[in-house]
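Scroll down for the structure; my scribbles are underneath it.
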Ligand code: KG4
Ligand code: ZN
C-alpha cells in the first residue's frame, strides 16, 4: 500500500511517501526554524502562514522524488493532533481536499503514535511488546507498545517536557531557539560532573517525570555565578544534559524491567541527543535489553512516521470521514 503522509503539527511542513509502513520512497521536511528564531519560540500565527506557503511545494517535491504519481497513491495519512490548531488545520484541510479529489481513503493520525511508529522505518525494528520513551518539545511520556496501534501510556511529565527544558536552559545560556542541539554540541566541550544539578525521579517506581525543578536550579546557579563572573557555559550545558539524560534513561530502563519485555525504544526530538543515545545503549545493554533508536532524521518531526502509522491504522480498518476535525490536546 502506497501512503502519502503529511505533517504540519508545529513548525515543520513535511510530506513523505512510504510503502507498507516500512519503505520510505521520499521524505521532505521544510523547517521554519529561521522564521521563529528571532522570537525565541514558535509563533503560532506565523507558523500557520508558513505552512500555507509550503504545503503544496513540499507535497509536490515528495511526490516527484518518490517517482510516484497521484494516481498511484492508495491512501493519505495526516497528523490530526495534538499540536497547534492553526498549523494542524493546514495539513488536515489539504489532505481532506487531496483525498476527495483522488477518491482514496485517508486517515487522521495521532502525532505521538506517529513518533512511536518512527522505529519501524528502520531495517532493525523491535518485536512486540516493547516500551517506548517519547521525548520531544511538547511531550515526555513512556508507553507500553503491544502492537503498531495498541499503545498505552505508563507515565508522563507533570510539568515541562524534556525538550522544553533543553530549550529554556538554552535560552538562559544565550544559545537561541531551538536549543536542544546547541546544548548537545556545547556539552561535548564541558565536564558533565563539575556541576551537579538535581535529578527529579518523583516516585522511583513510577513513570512520571518533572523537569521544571532542574530548569529553576540552572537559573539560580547562573544568577549566583553571574555576580562573581565565574561562569563556565560548557560545564553548565554538560551538567544539565547529564541530569536530564540520567532521569530519562533510568525511567525507560525501569519501564522495560517492569514490563519484563527486554526491549525499549526512544523516539522524538530529544532522542537525537548523542549523550542520551549513548547512555541508554550502555545501561540497557548492560542489563541484556535491546535498544531501538531511530536515525537522527527520524527523531524530529517528519511525515514518514505519519505515513507509517497511518498505514497501520488503515490495516486495522480505521478511516477518517470529512466531518472530522483536528485536536490540540490528547483525547482520552
Ligand atoms: O519531536 P520534535 O521535533 O517536535 C515536537 O514534537 O516537539 O522535538 C523538538 C525538541 C526541541 O525541544 C529540541 O530542542 C529538542 O527536541 N532537540 C534536542 C536535540 N535535538 C532536538 N534535545 C536535546 N538534544 C538534541 N540533540
Ligand atoms: Zn513531534
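Residue numbers (the numbering used here): 64 to 395. Ideal placement from N, C-alpha and C gives every residue a C-beta, glycine not left out. Treat the numbers as computed from the prediction; the structure is a model and nothing was measured.
So, helix, strand or coil for residue 291, using DSSP?
-> Taken through DSSP and simplified to helix, strand or coil, residue 291 comes out as helix.
Expressed to the nearest angstrom, what Euclidean distance is found between the alpha-carbon atoms of residue 140 and residue 368?
-> Between residue 140 and residue 368, the C-alpha separation is close to 10 Å.
Under 8 Å from any heavy atom of the ligand ZN, does the C-beta of residue 363 make it?
-> Yes, the ligand ZN has a heavy atom inside 8 Å of this Cβ.
Reduced DSSP secondary structure (H/G/I, E/B, other) of residue 352 = Here residue 352 sits in coil by DSSP.
Element boundaries [beta strand (DSSP E), containing residue 234] = Residue range 225 to 235 is occupied by the alpha helix (DSSP H) that includes residue 234, with no beta strand (DSSP E) assigned at that position.
Going by DSSP, which residues form a beta bridge with residue 65?
-> Looking at the DSSP output, residue 65 bridges to 82.
What three-state label does DSSP hand residue 213 in the structure shown?
-> Looking at residue 213 - three-state DSSP - the assignment turns out to be coil, as it is neither helix nor strand.
Between residue 157 and the rest of its own chain, which residues show a CB-CB distance below 7 Å, the 5 nearest in sequence each way excluded?
-> If you ignore the 5 residues before and after residue 157, its C-beta comes within less than 7 Å of the C-beta of 69 and 118, all in its own chain and listed in chain order.
Selection from 249, 210, 316 and 370 that minimises the alpha carbon distance to residue 184 | Residue 184 has its Cα closest to that of 370, out of 249, 210, 316 and 370.
Whole angstroms is fine: what's the gap from residue 315's alpha carbon to residue 205's?
-> C-alpha separation (whole angstroms): 7 Å.
Mind pulling the beta strand (DSSP E) runs of 3 or more residues that sit fully within the region 305 to 382?
-> Listed in chain order, they are 326 to 330 and 353 to 355.
For residue 66, I'd like the list of residues in its chain whose CB is within less than 6 Å of its CB, leaving aside the five on either flank, ordered along the chain.
-> Taking residue 66 as the centre and dropping the five residues before and after it, the same chain places the C-beta of 81, 138, 140, 370, 373 and 374 closer than 6 Å to its C-beta, in chain order.
Three-state class that DSSP yields for residue 264 in the structure shown | Residue state, collapsed to three classes: coil.
Sorry if obvious, but does the Cβ on residue 99 come closer than 8 Å to a heavy atom of the ligand ZN?
-> At a cut-off of 8 Å, the beta-carbon of residue 99 does not count as near the ligand ZN: no heavy atom of the ligand is closer than that.
Going along the chain, which residues of its own chain have a beta-carbon closer than 7 Å to the beta-carbon of residue 209, five neighbours each way excluded?
-> Correct list, in chain order: 191 and 192.
Between residue 252 and residue 325, what straight-line distance do the alpha-carbon atoms span, to the nearest angstrom?
-> Straight through space, the alpha carbons of residue 325 and residue 252 are spaced by roughly 34 Å.
CA-CA distance, residue 244 and residue 229?
-> Roughly 9 Å separates the two Cα atoms.
C-alpha gap between residue 163 and residue 103, whole angstroms = Taking the straight line from one Cα to the other gives about 38 Å.
Residue 274 to residue 387, Cα distance in whole Å?
-> Whole-angstrom Cα-Cα distance: 34 Å.
Exposure of residue 155, with buried meaning 16 or more beta-carbon neighbours within 10 Å | The C-beta of residue 155 has 16 or more other C-beta atoms within 10 Å across all chains shown, which makes the residue buried.
CB of residue 372 to nearest heavy atom of the ligand ZN: below 8 Å?
-> Result no, Cβ not under 8 Å from the ligand ZN.
Whole beta strand (DSSP E) elements within the region 183 to 211, 3-residue minimum | The region 183 to 211 contains these whole beta strand (DSSP E) runs: 193 to 198 and 203 to 208.
Pull up the distance between the alpha-carbon of residue 298 and that of residue 233, whole angstroms please.
-> Each residue's alpha carbon lies about 13 Å from the other.
Residues near residue 246 in its chain [Cβ-Cβ closer than 8 Å; skip 5 each side] = Excluding sequence neighbours, residue 246 sits near 229, 232, 233, 236, 238, 300, 303 and 304.
If you compare alpha carbons, which of 113, 88 and 331 is closest to residue 440?
-> Any property of residue 440 remains undetermined from this structure, which presents the chain solely from 64 to 395.
Is residue 246 near the ligand KG4, judged by its Cβ being under 8 Å from some heavy atom?
-> In this structure, the ligand KG4 has a non-hydrogen atom nearer than 8 Å to the beta-carbon of residue 246.
Could you tell me whether the region 174 to 182 touches the region 197 to 204, where touching means 3 or more Cβ pairs closer than 8 Å?
-> A contact exists between the region 174 to 182 and the region 197 to 204.
For the beta strand (DSSP E) containing residue 143, list its first residue and its last residue.
-> Per DSSP, the continuous beta strand (DSSP E) segment holding residue 143 begins and ends at 138 to 144.
Check whether the Cβ of residue 259 sits closer than 8 Å to any heavy atom of the ligand ZN, and report yes or no.
-> Remark: the shortest separation between the CB of residue 259 and any heavy atom of the ligand ZN does not fall under 8 Å.
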